[in-house]
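Number of protein chains: 2
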Amino acid sequence: MSRNDLAVVLASGGMDSCVTIAIAAQAHELALVHFNYGQRTERRELQAFEAIADHFHVARRLVISIEHLAAIGGSSLTDTSMKVASANLKSKEIPTSYVPFRNANMLSAAVSWAEVIAASSIFVGAVEEDSSGYPDCRREFYDAFEKAIDAGTKPSTSIRIITPLIHQTKMEIVQRGLALGAPLHLTWSCYQNDDVACGVCDSCALRLRGFQMAGVEDPIPYVQRPMIFAKKEPRRKF
Amino acid sequence: MSRNDLAVVLASGGMDSCVTIAIAAQAHELALVHFNYGQRTERRELQAFEAIADHFHVARRLVISIEHLAAIGGSSLTDTSMKVASANLKSKEIPTSYVPFRNANMLSAAVSWAEVIAASSIFVGAVEEDSSGYPDCRREFYDAFEKAIDAGTKPSTSIRIITPLIHQTKMEIVQRGLALGAPLHLTWSCYQNDDVACGVCDSCALRLRGFQMAGVEDPIPYVQRPMIFAKKEPRRKF
């Protein structure tokens, strides 16, 4: 794989996509695509996207609005009348922040771009185990989507979907990011706030647990940092 | 299949989707989605969409902008600096009007909507033989995409993609539309103009040939109606 192979990376501005960019940058020329899907924290995420793109000196950037996902509704991420639930990392339920088939909407647009600019791969920072059970974050989905790309693009087009973090834990992602010098301080993960991260939504809780297990302090500020793995001590009576 | 099963129909405002709506209406309650992808004839297509939706008394309508396809470029349909080629119905080349992976962008959004409103099927008026060789108009693509839907939506979600016209010719589509009383006079197919159909672009040529072979006059006006199957006569000298 030559250094000049062009890769499109889906870049939300979050930690996983930041580490994914750092991985892709080792072997590819980069094109970064960011999606505004009407999520409540979009302003802050876009700011993170631009800062990360600057850090990696990527000129080829595309910001795509798929705000129809907000009009369609069905998710607490885009429907401001729904409450963003506090994290329950043990639940097997698909959380209310699930945006129906969101990643397919993003991937389809990324494929359109990749076909036009002749990129040979699309990198996605999806994480299967740690992704709150969203169905479109599993490798099984990306394998199926790759077959749809092969069937639905020109015969001369060949685009692979690369998911380097798919089987990693948030702890391993933090460690990988630190090892690669990825600018984690520039990333934004909170689903709830766009000034100071809340610390209690699914996304904050997963991120904080990752840093905690890696034994490193998360460099961004939080409203609160719950002790997710607090030691069990007998509750003191007052 | 009960009459009240909800179906999403992709409705461009063209003839194929109009006949598809007429077919879906026989067995389903309808939800119609129209896409603005920055195509030069969007204003006229939207007008046709609304008129057709009125005709079928469908209240549940959604208009979705996927104009990022215009920003991405690569097609004469969305890039006004490219010329819309006159039809060459014998060519095996993918024409310049091909919008990369367009139908996947539309389908992904339709699936998001279908999952939220609990529709069990998505009807698409794609036509394989007669569709100028667009790779994402082939049933092979829809089969692959269906598997991506199964993999990428909630376990409780089951959405089929129905393509009732996929193996039909334009002649058969005209005949089917007439048999079902579909309002073909309200449809718009031209890729070039938004006032009077040009008669010479791929889409006009295919449509006119379909009517001609069905032995019926197309009810909409044209700038010119080339005699696509003109009899071979010795050219007269003047």
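Keeping their order, the protein sequence lines are chains W and V.
FYI, this note's numbering numbers position 198 of the first sequence as 198, with every residue one higher than the one before it.
FYI, this note's numbering numbers position 205 of the second sequence as 205, with every residue one higher than the one before it.
Cβ atoms here follow ideal geometry from the backbone N, Cα and C, with glycine treated the same way.
| Query | Result |
| --- | --- |
| Beta carbon proximity, Ala-7 (chain W) to chain V, threshold 7 Å | no |
| Asn-36 (chain W) - partner residues in DSSP beta bridges | W:Ser-65 |
| CA nearest to the CA of His-34 (chain W), picked from W:Tyr-222, W:Tyr-142, W:Phe-123 | W:Phe-123 |
| Ser-12 (chain V) versus Ile-66 (chain W): straight-line alpha-carbon distance, rounded | 19 Å |
| Thr-41 (chain W) versus W:Pro-226, W:Arg-225, W:Thr-187, W:Val-216, residue with shortest Cα-Cα distance | W:Thr-187 |
| Supposed contact pair Ala-126 (chain W) and Asp-166 (chain W) - C-beta distance, whole angstroms, cut 8 Å | For clarity, residue 166 (chain W) is Ile in the given sequence; the question names Asp instead. About 6 Å; that satisfies the 8 Å criterion. |
| Residue span of the alpha helix (DSSP H) that contains Arg-43 (chain V), given as start and end | 42-55 |
| Secondary structure of Ser-203 (chain V), DSSP reduced to three states | helix |
| Residue from V:Val-174, V:Ala-144, V:Glu-128 whose Cα sits closest to the Cα of Cys-137 (chain V) | V:Glu-128 |
| Coil, strand or helix - Ala-197 (chain W) by DSSP | strand |
| 7 Å Cβ cutoff, Val-58 (chain V) in contact with chain W | no |
| At least 3 beta-carbon pairs within less than 8 Å: the stretch 143-155 of chain V vs the stretch 142-156 of chain W | yes |
| Host beta strand (DSSP E) of Ile-161 (chain V) (start-end) | 160-162 |
| Sequence ranges, alpha helix (DSSP H) only - wholly within the stretch 96-142 of chain V, length at least 4 | 102-117 |
| For Leu-186 (chain V), the three-state DSSP class (helix, strand or coil) | helix |
| Own chain partners of Phe-49 (chain W) with C-beta closer than 6 Å, once the 5 adjacent residues on each side are dropped | Ala-11, Gly-13, His-34 |
| Straight-line gap, Tyr-191 (chain V) to Lys-154 (chain W) (C-alpha atoms, nearest Å) | 21 Å |
| Assigned exposure category for Asp-16 (chain W) - 16 Cβ within 10 Å defines buried | buried |
| Rounded Cβ spacing between Ala-27 (chain W) and Leu-6 (chain W) (contact assumed at less than 8 Å) | Contact flag wrong, Cβ pair sits at about 11 Å. |
| Inter-residue CB distance, Gly-199 (chain V) and Ile-173 (chain V) (contact presumed, cutoff 8 Å) | With a Cβ gap of about 18 Å, Gly-199 (chain V) and Ile-173 (chain V) do not count as contacting. |
| Euclidean distance between Cα positions of Arg-176 (chain V) and Cys-18 (chain V) | 11 Å |
| Through-space distance from Ser-120 (chain V) to Gln-47 (chain V), alpha-carbon basis | 27 Å |
| Limits of the alpha helix (DSSP H) - the one that Ala-11 (chain V) falls within | Taken as a continuous stretch (DSSP letters only), Ala-11 (chain V) belongs to no alpha helix (DSSP H), as it is neither H nor E. |
| Assigned secondary structure, Met-227 (chain W) (DSSP; H/G/I helix, E/B strand, else coil) | coil |
| 8 Å CB neighbourhood of Pro-221 (chain V) in its chain, flanking five on each side removed | Val-196, Ala-197 |
| Beta-bridge pairing of Glu-29 (chain W) - partner residues as DSSP gives them | W:Leu-6 |
| Length of the line joining the Cα atoms of Arg-236 (chain W) and Val-223 (chain W) | At Arg-236 (chain W), the pLDDT of 47 sits below 50, so the modelled position is not reliable; the number obtained from the coordinates is stated separately. Each residue's alpha carbon lies about 26 Å from the other. |
| Residue from V:Ser-112, V:Trp-113, V:Ser-108 whose Cα sits closest to the Cα of Ser-112 (chain W) | V:Ser-108 |
| CB contact check: Glu-129 (chain V) to chain W, cutoff 7 Å | no |
| Range covered by the alpha helix (DSSP H) that runs through Gln-175 (chain W) | 170-180 |
| Cβ neighbour criterion (16 or more within 10 Å) applied to Met-106 (chain V) | buried |
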